[in-house]
Amino acid sequence: MAATTFLDTPQGRRLAYHRTEGKGPWIVFLGGLKSDMEGTKAVHLEAWARAHGRAYLRFDYSGHGESSGRFEEGCIGDWHEDTLAAVTALTEGPIVPVGSSMGGWQALLLARAVPQRIAGMVTIAAAPDFTEDGYWARFSEEQKRRLLEHGRIELPSDYMEPYIVTMRMIESGRAHLVLRTPLALPFPVRCLQGTADTAVSTETALRLLDHADCPDMRLTLVKDADHRFSDGPCLGIIENAILDVLGEA
């Protein structure tokens, strides 16, 4: 496997990435919260892109994987800046973001920032606005009090070790919400969602589908698929969704 390369961003962060040259549009994998570019989906899609001669980029947000910084120091806005920096410096021309979980939110923020560059989009268990709707709205009064007083709390996870939620993450999330204001997606979008996902609900997927202004948006529900969405059949569904938005299915 090729050695990891690093990008220094305008904000002074150092992002680890793997970049595969090929025909465009560039496929850009955007990972989830506390995931990294060595995850099953990211690595599988790189191999698939290389086998088909397609341009592909996977990278680690700051505080994730091999990139600089600590996870608990980061927030939605930082990772949006990281995504913009990576896309700007490491790709050219049209792109197809493939966003998993929090990466789905990042894909939507990317579409707002550089709509002219998006050729299509695939989301996998997209979690837009989760800091507000999944965290803050469900926190007990005691959790909110501790967060406001101490600036951080620890939450358990079904998919990883407990992680830290900071007040900075909540506040940054509020500054980057996408389901409260118009969301124009003037390109093909394919949303994938497992019915056994305990981290992101099908209601979230339906809310995004209903909210977005998109002429060609489809939601595929996969029975019994969980949040990882990374077994063999699910990986094939992701491949087909990418081909679909490219008009090659």
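For reference, each letter of the sequence shown is one residue, going 1 to 249 in UniProt numbering.
The beta-carbon is built from N, C-alpha and C at its ideal position, and this holds for glycine as well.
Owing to the predicted nature of the structure, the values given are computational and were not obtained by experimental measurement.
The continuous alpha helix (DSSP H) containing Ala51 extends over residues Thr40 to Ala51.
Taking 8 Å as the cut-off, the Cβ atoms of Pro97 and Val28 count as close. DSSP places Phe139 outside both helix and strand once states are collapsed to three, so it counts as coil. Secondary structure of Ser172 (DSSP, three-state): helix.
In this structure, Leu84 sits near Leu110, with a CB-CB distance shorter than 8 Å. In terms of CA proximity to Ala86, Ser67 leads the group Cys75, Ser67, Glu72 and Ser101. In the pairwise beta carbon analysis, the segment 127-139 is classified as touching the segment 93-108: at least three pairs are separated by under 8 Å. By the Cβ criterion, the segment 37-48 is in contact with the segment 16-28, since at least three pairs of Cβ atoms, one from each stretch, lie closer than 8 Å.
In the three-state reduction of the DSSP assignment, Phe187 falls in the coil class, being assigned neither a helical nor a strand state. Per DSSP, the continuous beta strand (DSSP E) segment holding His18 begins and ends at Arg14 to Thr20.
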